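Read the structure below first, then the notes.
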Amino acid sequence: MGRSVASSLPRALYLARAKGITEKGKRSPMAQLGAVVAVAASFFCASLFSAVHKIEEGHIGVYYRGGALLTSTSGPGFHLMLPFITSYKSVQTTLQTDEVKNVPCGTSGGVMIYFDRIEVVNFLVPHAVYDIVKNYTADYDKALIFNKIHHELNQFCSVHTLQEVYIELFDQIDENLKLALQQDLTSMAPGLVIQAVRVTKPNIPEAIRRNYELMESEKTKLLIAAQKQKVVEKEAETERKKALIGLTVLLRSRRQRGWRGGEGNSGSLGHGPPKPCLTQEQPSSPGSRAEIVRSWPRVELCVSTSLLNEKSPSANPSCTKTVALMTPYNEPRTFLNTCVQFIPLLTPPPLPWVRKPPSVTYSH
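Spelled out as structure tokens, the structure:
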């Protein structure tokens with residue numbers, strides 16, 4: 001009994017092993033099929049993902065197959081292409097800004113300066129995309145804008161001095177660059193339009209920059225001094241006008257009171273015989289002409305005798321005798337030692353109470 005059990009055990013193991021091998025052989029083809037299906041699905045998904053692409057608004061899609069540019073282009077939206085064979089690039093057609101940085105420039109005097117940043121605002125016409133990409137690749141701005149900026153800027157600097165580039169002609173650099181770029185692009189790449197060019201202030205050697213700053217400071221001081229001088233001149237003109245107004249009021253009051261001369265120098269303002277001019281040594285009583293004139297601002301005037309004779313202005317048509325009134329620079333002297341005629345700096349306005357053009361002589 002024990003021997004039969006022992007002999008049956010190896011046989012059972014053998015049968016179980018054979019059965020397992022048979023079942024394993026039955027599952028092997030199914031596993032391989034599943035793997036093939038998985039690989040095919042992955043390839044299909046990758047192909048679909050590669051074939052579907054999107055073009056953004058404001059861009060045009062250009063296509064390459066085997067490195068050759070295809071004539072077909074596409075607009076904004078989703079599109080299909082042959083996966084793994086065809087590739088595409090998106091070209092912007094809206095307004096864009098290209099920055100050219102650190103551009104060296106040598107002036108005619110041999111000074112090397114650098115422009116930190118030059119901005120070129122441009123756009124590409126959609127119908128010109130294929131021709132420009134075919135001639136200059138999709139990175140057309142490198143050949144047509146970046147390199148041209150370096151060339152045109154060096155051409156400009158080489159024929160101008162540092163003073164012209166940095167100060168005098170700096171406001172013209174951007175316009176000159178724009179015109180030069182557009183002129184070349186019109187013949188080389190029609191459809192690429194330069195909208196504007198912005199140029200930053202160049203970096204110059206530190207020693208030269210300090211000299212320019214000092215020069216600007218001196219110019220500012222000069223402008224301030226000129227403005228102060230104008231203010232002083234206006235104040236002096238105002239004082240002269242005030243003095244003329246005061247003289248007009250005085251003469252009008254004298255005329256209303258019938259004054260034709262008076263103490264001190266009646267021959268100067270009346271029709272009497274000439275008398276010596278009032279000098280600074282002669283005392284002046286309160287209310288006299290010397291006392292009145294002493295309180296006026298600076299005034300330089302020569303009044304004809306006919307000025308006071310309103311009824312008969314032709315009685316004394318020539319200014320044979322004049323009175324000279326002056327208060328020089330707020331000094332206490334009011335009259336000159338002699339009656340010397342002189343011309344004031346500013347011609348006074350006509351006296352309002354004179355009916356006819358007065359016979360007034362201004363002399364120095």
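Start counting the sequence shown at 1; every next residue gets the next number (full-length UniProt numbering).
Even glycine gets a Cβ: it sits at the ideal position worked out from N, Cα and C.
As the structure is a prediction and not an experimental result, all values here were calculated from the model.
Under a three-way DSSP split, which group does residue 208 fall into?
DSSP, reduced to helix, strand and coil, places residue 208 within a helical segment of the structure shown.
Closest by CA to residue 49, which one among 68, 79, 93, 59?
When each option's Cα is compared against that of residue 49, the closest is 79.
Is the segment 51-71 close to the segment 87-94, with three or more CB pairs under 8 angstroms?
The answer is yes - the segment 87-94 touches the segment 51-71, with three or more Cβ pairs under 8 angstroms.
Proximity below 7 angstroms, CB of residue 107 to CB of residue 199:
The answer is no: Cβ separation not under 7 angstroms.
C-alpha gap between residue 204 and residue 112, whole angstroms
Each residue's CA atom was taken as its position, placing residue 204 and residue 112 some 7 angstroms apart.
Would you call residue 237 buried or exposed, if buried means 16 or more other Cβ atoms sit within 10 Å of its Cβ?
It is exposed - the Cβ of residue 237 has fewer than 16 other Cβ atoms within 10 Å.
Buried or exposed by the 16-neighbour rule on C-beta atoms within 10 Å, applied to residue 201
Looking at its Cβ environment, which holds fewer than 16 other Cβ atoms inside 10 Å, residue 201 is exposed.
Return helix, strand or coil for residue 126, following the three-state DSSP convention.
Assignment of residue 126 by DSSP, reduced to helix, strand and coil, places it in the helix class.
In whole angstroms, give me the CA-to-CA distance for residue 42 and residue 32.
As the crow flies, the alpha-carbon of residue 42 is around 16 angstroms from that of residue 32.
CA-to-CA distance, residue 114 to residue 134, given in whole angstroms:
In a straight line, the C-alpha of residue 134 is about 34 angstroms away from that of residue 114.
Is the distance from the Cβ of residue 97 to the Cβ of residue 119 below 7 angstroms?
In this structure, residue 119 lies closer than 7 angstroms to residue 97 by Cβ.
Keeping to the same chain, check which residues put their C-beta closer than 6 angstroms to that of residue 101; ignore five residues upstream and five downstream.
The residues are 117.
Going by the DSSP bridge assignment, what does residue 96 pair with across the sheet?
The partner list for residue 96 (beta bridge, DSSP) reads 122.
With a 10 Å radius around its C-beta and 16 neighbouring C-beta atoms as the bar for buried, classify residue 141 as buried or exposed.
Residue burial annotation: residue 141 is buried, with at least 16 other C-beta atoms found within 10 angstroms of its C-beta.
Start and end residues, beta strand (DSSP E) containing residue 161:
Unbroken run through residue 161: none, as it is neither H nor E.
For residue 35, count neighbouring Cβ atoms within 10 angstroms of its own Cβ and tell me buried if that reaches 16, exposed if not.
Classification of residue 35: exposed, given that the 10 Å Cβ count is below 16.
Buried or exposed: which applies to residue 145, given that a residue is buried once 16 or more other Cβ atoms fall within 10 Å of its Cβ?
Per the 10 Å Cβ criterion, buried.
Integer-rounded CB distance, given that residue 138 should sit under 8 angstroms from residue 39
The beta-carbon separation of residue 39 and residue 138, rounded to 35 angstroms, does not stay under the 8 angstroms limit for a contact.
Could you check which residue in 214, 157, 149, 186 has the C-alpha nearest to that of residue 124?
Proximity to residue 124 across 214, 157, 149, 186 peaks at 186, based on C-alpha coordinates.
Under 7 angstroms between C-beta atoms of residue 181 and residue 173
Cβ distance not < 7 angstroms, so residue 181 and residue 173 don't count as in contact.
Using only alpha-carbon positions, find the residue among 211, 126, 105 that is nearest to residue 159.
The residue with the shortest Cα to Cα distance from residue 159 is 105.
Bridge-paired residues (DSSP) for residue 149:
None; residue 149 has no bridge partner.
Could you check whether residue 161 and residue 109 sit closer than 7 angstroms to each other, using their CB atoms as the reference points?
With respect to residue 161, residue 109 sits close: the two C-beta atoms are nearer than 7 angstroms.
Would DSSP call residue 85 helix, strand or coil?
In this structure, residue 85 counts as coil in the three-state DSSP scheme.
Give me the Cα-Cα distance between residue 81 and residue 73, rounded to the nearest whole angstrom.
Spanning the alpha carbons of residue 81 and residue 73 requires a straight line of approximately 12 angstroms.
Could you pull the start and end residues of the alpha helix (DSSP H) that residue 375 belongs to?
The structure shown does not extend to residue 375, since the chain is modelled only from 1 through 364, so no value can be given for it.
Rounded C-alpha distance that separates residue 206 from residue 239:
C-alpha separation (whole angstroms): 50 angstroms.
Going straight from the alpha carbon of residue 248 to that of residue 169, what length do you get?
Rounded to whole angstroms, residue 248 to residue 169 spans 56 angstroms at the Cα level.
Can you tell me the Cα-Cα spacing of residue 150 and residue 157, whole angstroms?
The alpha-carbon of residue 150 is positioned some 11 angstroms away from that of residue 157.
Using the C-alpha atoms, what's the distance from residue 121 back to residue 197?
Spanning the alpha carbons of residue 197 and residue 121 requires a straight line of approximately 6 angstroms.
DSSP state of residue 141 mapped onto helix, strand, coil
Helix, per DSSP.
Grab me the residues of residue 418's own chain with a C-beta within less than 8 angstroms of its C-beta, minus the 5 sequence neighbours each way, in chain order.
Only positions 1 to 364 of the chain appear in the structure, and residue 418 is not among them; the question remains open.
In angstroms with no decimal places, state the Cα-to-Cα distance between residue 178 and residue 143.
Residue 178 and residue 143: Cα-Cα distance of roughly 16 angstroms.
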